[in-house]
Amino acid sequence: MRIDPAITPELVQKHGLTPDEFERIKAILGRSPNYTELGIFSVMWSEHCSYKNTRPLLKGFPTTSDKILVGAGEENAGIIDIGDGLAIAFKIESHNHPSAVEPFQGAATGVGGIIRDIFTMGARPICALNSLRFGELSSPEVRRLFSGVVSGIAHYGNCFGIPTLAGEVYFDKSYEGNPLVNVFCLGVLRHEQIARGAAKGVGNPVFYVGPATGRDGLAGAAFASQDLTEESAEQQRGAVQVGDPFMEKLVMEACLELLATGCVAGIQDMGAAGLTCSTCETAARAGTGIEIDLSKVPQRAPNMTPYEIMLSESQERMLIIVKKGREKEVQTIFDKWDLPWAEVGFVTDTGQMVVKNHGELIVNIPASKLADEAPIYHRTSREPAYLENVRRFTLEKISDTVTPEADLKALLAWHSIASKNWVYRQYDHMVRNGSVVCPGSDSAVVRIKEDSLPLLPDGTFGPRFTEKLIALAVDCNATYVYLDPYEGAKIAVAECARNLACSGAIPLGTTDNLNFGNPHNPEIFYQLKKSVEGLAEGCRAFNAPVTGGNVSLYNQNPNGPIDPTPTVAMVGLIEKWEYVTTQWFKNEGDVIVLLGEVIDSSDPLLGMGGSAYLQRIHGLKTGTPPRLNLDKEKQLHDGLRALIYAGLVMSAHDCSDGGLGVTLAECCISQQIARDTPRLIGATIDLRNSPATRLDALLFGESQSRVVISVNPNKLADAKSEASQRGISFNEIGTVGGDLLTIQSSHRTVTTKLADLHDPWWNAIGRAMN
Amino acid sequence: MNFAVLQFPASNCDQDAVHVLKNVLGHSARLLWHKENSLGDVDGVLIPGGFSYGDYLRTGAIARFSPIMKAVQLFAENGGMVLGICNGFQILCEAGLLPGALVRNRSLQFCCERVHLKVATTRSGFTRAIPENKLLQIPIAHGDGCYFADESTLGELQKNDQILFQYATPQGMLTDAANPNGSLLNIAGICNKNRNVAGMMPHPERASEGWLGGTDGRLIFESWLQELTGRNKPSAT
């Protein structure tokens, strides 16, 4: 016999609900909730599911364009038209808290969750990205988290068979104990294949497919919406789910096969808040009601209570609303794939979410009020006190470098800048035969060919089309955001768009992941608010509307909050194969050109504020970050694309972390042909005519809106005239060739052997981990 | 030619294999579900990469019991040509169609990168079109690719010229540093004694189009096609 605990103020508080929220629940129900209902409200009204602290801010994002087929917030992921009747679905999501507690499974199930969001839309997932943040690798605990997260992502993605094609990893003390694991997935479909997460058609049966429900992942969404504490690891381990990529692969194939039959009225994955979220959201979207009986839900553990079944986040499960009379098709397909399935309920016209157990009424909640009427909070914000110190920083406090060669090597070996081959070698980044540009260049490029699509009802991939190329990048320099939330967030968007432009792509859309500390702290809320403003303005400037994303708050540990990290993932289209451009120098004799200014003299810090150089060489994380002018930046991207389209660009690399010095070094050393086979190609650079007052700023300042390209000398005149027509600054700074990187300046000549640059850059992370 | 590409639950390079055989090389290739009992009218069988059954027990250990594997066994016994790539190689070893086993990489990590392969013999239906002394660049992507066999088996492999590919340096040397997974004798691919069944860890289907960074993998498919041309079809089952 099941005895539910009495509803006490303590129990309400334990569920993360405030007394006001509890009153609101009582008003909605016209009575006090029972234990199961309380659990349901607590997960649906968590930040993770309801965005109750951020919804007013998110309204500022641009979310429309003529290419958007499914917009932000409508469904599990946004969808964008890419022409020829094809479309892409993509989204980013966080799994920070689970990964802090159990890195391998936390990261693995993050990948599983975002893949489900994509195939729920009817799309076939074709590539994944991730954005990771950890403390510093000198700590054994950080190394454990880092290696656990990377192998968790590898485990899930590799087995599932999706290429993990790009990403970024930063290391900073603020993430110690609270790593960030943001995972992204992109899928492809035809316009007519878009599936909806709506419980349409009164009387239609509701199916549960996928593995049985267990006690794992109980109330994970609520857990994700709390601060991490010392005790979290022990107490919350049960809130971390266990992933089974094999199962997910089968569930996806079966779901895509089922969708092709046309018998599906609505489909939604059971992600955060599991059965609870999928039932109430599908009903709310369709304006219907839904009734299920838990006794029919496949269960892995004996004697599970309704509370446990409704809140379980067991993985790889889907809820499917089937057109009445076509139940047999579900059975045939799921039997073929040896997958469990069960008919658990039906769609009603009552607007209520009704849950029974062996016929006994357990839950009776208005579905739309639960899904859409969570409280909304307008939190107060206050400029963080530390910013005043940041603004006071001037360059007089540090002396100019006298060891530029050593600085360059140190920066290349700095883990946030060093090659991430130790990471991406563990990911299968080539499966599905579409990886045109693999990890290691500014953007990844994936091609869309016929088998990227889900099958049509006739068992074919449908009419032939010209293969398409999609470029992807994910970026966020959180140090900038910490030092100036608005400007930093703008730069995150600009850098992402710049990376796409460098690969020859034009942006289509953006998905963002807002990782912040506790929003009840006005200083944190200030970071959040200003960041969202910066992101919104950036996305508008590059015509890359936000199609969806994720908010992860309460990212802090006992030592304080993380650096504000609004991760930006942007997707773009490359119109022709010939436009695909990579970052490394190609041919001896090519002319090296800097698009943009060698140094931004209007910046009193000469691009050094928040720079990698200040952090790595001087141990300073301060200074106002470089300014970014969006008009100028947009002009640069358009001009760069025009040069690429005209066939004038041999390589293009965005100038960001580590400034011009690191960018040039990367152009020389970053092409990897095969195992132990880098292609090193030197360069001679002449900056003697540059106005720099300081050598460190000249080499390592991070002034924005700059790209290093290389141009065939025979096409230099054409390139120059194209650039001048486009109004972008075109500085010839050197020539490709030799086995040295030589940078001449009015201060002195900096010369290094390429092998001496490659080794620290390529091996730094591997060495720290072995 | 007609190829069957086997599809186990969680095969994930199945479409890639079909794509290359069909769209790149212009032959007929179809997916064949593992629960089928018959191969139908085929000239060659390809067992693709992936994680059949999640590889939770031991790579290939469950897949070998799938109904289709009986037909593959018979096809091979009758001289039919079978190529296993990555998980396909693991399945062929588990099924006893190839000697030895593939165990966890020495690094204990999954490893995805392009490697250099020395072609140890061109005297096989899977390597005959490869120019002498040509070093191949083909990607690997596996967690369990360390080839292991006892000494007498290794001796047999060498004596019978059954080693097809070995991990090598860019200069073609068989060094330990060039070995990405700890395979004995740097073995990346072998064939059976009758030379009609082969397995390899590297993925030739990922190196068959220039845009994806190289076409060395095509030489393996082209060898196979050459060998099949002018051959009698083995009795299909």
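Listed in order, the protein sequences are those of chains R and W. The opening position of the first sequence corresponds to residue 1416 in our numbering, with each subsequent residue numbered one higher. The opening position of the second sequence corresponds to residue 8 in our numbering, with each subsequent residue numbered one higher. The beta carbon of each residue, even a glycine, is placed where N, CA and C say it ideally should be. Note that this is a predicted model, so its numbers are computed, not measured.
Following the continuous alpha helix (DSSP H) through Asn1573/R, name the residue where it begins and the one where it ends. Here the alpha helix (DSSP H) through Asn1573/R covers 1555 to 1575.
Please state if the CB of Lys1739/R and the CB of Gly1618/R are separated by a distance shorter than 7 Å. yes
Evaluate contact between the segment 1909 to 1921 of chain R and the segment 2005 to 2018 of chain R, counting only Cβ atoms and requiring at least three cross-stretch pairs below 8 Å. no
Beta-carbon within less than 8 Å of Val1846/R's beta-carbon, same chain only, minus the 5 sequence neighbours each way: which residues are those? Asn1573, Gly1576, Ile1577, Pro1578, listed in sequence order.
Output the distance between the C-alpha atoms of Ala243/W and Trp1752/R, rounded to the nearest integer angstrom. Confidence in Ala243/W is poor, its pLDDT being 47 and thus under 50, which makes the residue's placement too unreliable to answer from.
Given this structure, state the Cα-to-Cα distance separating Asn30/W from Gly1500/R, to the nearest angstrom. Cα to Cα, the separation comes out at about 22 Å.
Check for me: the alpha helix (DSSP H) holding Cys20/W runs from which residue to which? Note, Cys20/W: premise wrong, no alpha helix (DSSP H); not H, not E.
Proximal chain R residues relative to Trp218/W, where beta-carbon distance stays under 7 Å: Result: Val1851, Trp1992.
Closer than 6 Å: is that where the CB of Ile1440/R sits relative to any heavy atom of the ligand ZN? What this structure holds is no ligand at all, so the ligand ZN is not there to describe.
Out of curiosity, what's the CA-to-CA distance linking Leu64/W and Thr1795/R? Rounded to the nearest whole angstrom, the C-alpha separation of Leu64/W and Thr1795/R is 54 Å.
For Gly2193/R, list the residues DSSP reports as bridge partners. Nothing about residue 2193/R can be read from this structure; chain R reaches only from 1416 to 2185.
Using beta carbons (cut-off 7 Å, strictly below), is Thr2166/R in contact with chain W? no
DSSP beta-bridge partners of Asp1684/R: Met1733/R
Do the segment 2155 to 2174 of chain R and the segment 2094 to 2109 of chain R touch if we need at least three Cβ pairs shorter than 8 Å? yes
Neighbour list for Asp2091/R in chain W, Cβ cutoff strictly below 8 Å: Thr176, Pro177, Ala184, Ala185
Collapsed DSSP secondary structure at Cys2187/R in the structure displayed: Outside the displayed range of chain R (1416 to 2185) lies residue 2187/R, so it cannot be described from this structure.
Local conformation of Lys1441/R per DSSP, three classes: helix
Does Lys1474/R come within less than 7 Å of chain W when only Cβ atoms are used? It does not: the Cβ of Lys1474/R has no partner Cβ on chain W nearer than 7 Å.
May I ask you to report which of helix, strand or coil DSSP gives Pro1900/R? helix
Residue-level contact to chain B via CB, Gly61/W, 7 Å cutoff: Among the protein chains in the structure shown, which are R and W, there is no chain B.
Check whether chain R comes within 7 Å of Val31/W, counting only Cβ atoms and requiring the distance to be less than that. Taking CB atoms only, Val31/W has no neighbour in chain R less than 7 Å away.
For Ala78/W, three-class secondary structure by DSSP: helix
What's the C-alpha gap between Ala127/W and Ile1495/R? 49 Å
Does Val110/W have its Cβ less than 7 Å from a Cβ in chain R? no
According to DSSP, is Arg2103/R helix, strand or coil? coil
With 7 Å as the C-beta to C-beta threshold (strictly closer), list the residues of the segment 112 to 124 of chain W near chain R in chain order. Gln116, Phe117, Cys118, Cys119, Glu120, Arg121, Val122, His123
Evaluate contact between the segment 209 to 217 of chain W and the segment 136 to 148 of chain W, counting only Cβ atoms and requiring at least three cross-stretch pairs below 8 Å. yes
Report back the beta-carbon spacing between Val2064/R and Leu1473/R to the nearest angstrom; my notes put them in contact at under 8 Å. Rounded, the Cβ-Cβ distance is 37 Å, inconsistent with contact.
Taking the beta carbon of Ala1442/R as the centre, do at least 16 other beta carbons fall within 10 Å, making it buried, or is it exposed? exposed
Give the range of the beta strand (DSSP E) segment to which His1463/R is assigned. Per DSSP, His1463/R belongs to no beta strand (DSSP E); it is in the alpha helix (DSSP H), 1462 to 1465.
With distance defined between alpha-carbon atoms, name the residue in Leu1915/R, Val1889/R, Leu2020/R, Leu1690/R nearest to Ala1904/R. The residue with the shortest Cα to Cα distance from Ala1904/R is Val1889/R.
Nearest neighbour of Tyr154/W, chosen from Val122/W, Glu163/W, Pro209/W, Gly107/W [CA to CA]: Gly107/W
With 16 as the cutoff for other CB atoms within 10 Å, does Gln233/W come out buried or exposed? exposed
So which residues of chain W does Gln1841/R contact, with C-beta pairs closer than 8 Å? Residues of chain W passing the Cβ test: Gln116, Phe117, Cys118, Cys119.
In three-state terms, what does DSSP make of His1844/R? coil
Is there a Cβ from chain R that is less than 7 Å from the Cβ of His34/W? Chain R, which has no Cβ nearer than 7 Å to the Cβ of His34/W, makes this no.
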